[in-house]
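In UniProt numbering, the protein residues as written are 1 to 178.
Written below as structure tokens is the structure these notes are about.
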Amino acid sequence: FGPRSAVSHTIKATVTPQWKETVVIPAIERYRTKSRIQENQPNIILELWDDDDFKSKSGETEGIAKLATDIVKNNDELIGRAVVKPNVVLRDDTNSVTKLRTYPVYDRHVQVGEITAAVELVEVIEGDNDMGEYGQPDEDAQQTNNEAMIYKIPQRLLPSMQTYTMEVLFWGLRDVQR
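Below, the structure written as structure tokens:
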């Protein structure tokens, strides 16, 4: 966001990570009126990185020996970027509700996936340290050099989950030709 950035926790060993955390970047100064900020929300860029322990440099699958020689350790690669507009939350606005939205993730000009997130630009009063519903940072919160803090996600943003069972019934195959 502007010259500021923050890093979330790394989710290991999954192709569908769920962070369930809030990254707060404090003290961003905007020199505009409140109404102008609401009308023209700034763009926020979310970058998604792949943090595998091992990656193939060539991407080839010619054989185990070839693949083993091309493996590089700790070589993060950019998956893509999502450009989002935040919901502007003003101190005196009690009707503002931020909801989860799905944003496309692009690598260059090709859509490579989607990310579901809720992004807010919250007005704060200088010197006020009240984090409201965010409470205290996670016990294992990581504070980066730009003082961004990681909090547990507010309960109101978590979607309600339901468990389902899927049944697939096969009656048999008829007249199958080889």
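By construction, the Cβ of each residue, glycine as well, lies at the ideal position given by its N, Cα and C atoms.
If contacts are defined as beta-carbon pairs under 8 Å, then residue i and residue j qualify, I think. What distance do you get, rounded to the angstrom?
| i | j | result |
| --- | --- | --- |
| V89 | E120 | 5 Å |
Mind checking whether residue i and residue j have CB atoms under 8 Å apart?
| i | j | result |
| --- | --- | --- |
| I115 | T22 | no |
| Y106 | A117 | no |
| I25 | A6 | yes |
| I11 | P3 | no |
| I79 | L48 | yes |
| H9 | I125 | no |
Hey, quick one: how far does the alpha helix (DSSP H) through residue i stretch, first residue to last?
| i | result |
| --- | --- |
| E39 | 34-39 |
Rounded to whole angstroms, what's the CA-CA distance from residue i to residue j? Just pull it up for me.
| i | j | result |
| --- | --- | --- |
| T144 | A27 | With a pLDDT of only 49 at T144, under the threshold of 50, the placement of this residue in the model should not be trusted; the figure read from the coordinates follows. Distance between the alpha carbons of T144 and A27: 14 Å. |
| V176 | L169 | 18 Å |
| W19 | R174 | 47 Å |
| V122 | E167 | 46 Å |
| R32 | P86 | 16 Å |
| T14 | D92 | 41 Å |
| L46 | P159 | 21 Å |
| N43 | E77 | 23 Å |
Note the first and the last residue of the continuous beta strand (DSSP E) segment covering residue i.
| i | result |
| --- | --- |
| D107 | 101-107 |
| I87 | The sequence given here places Asn at residue 87; Ile does not occur at that position. Run containing N87: 87-89, per the beta strand (DSSP E) assignment. |
| Y151 | 149-152 |
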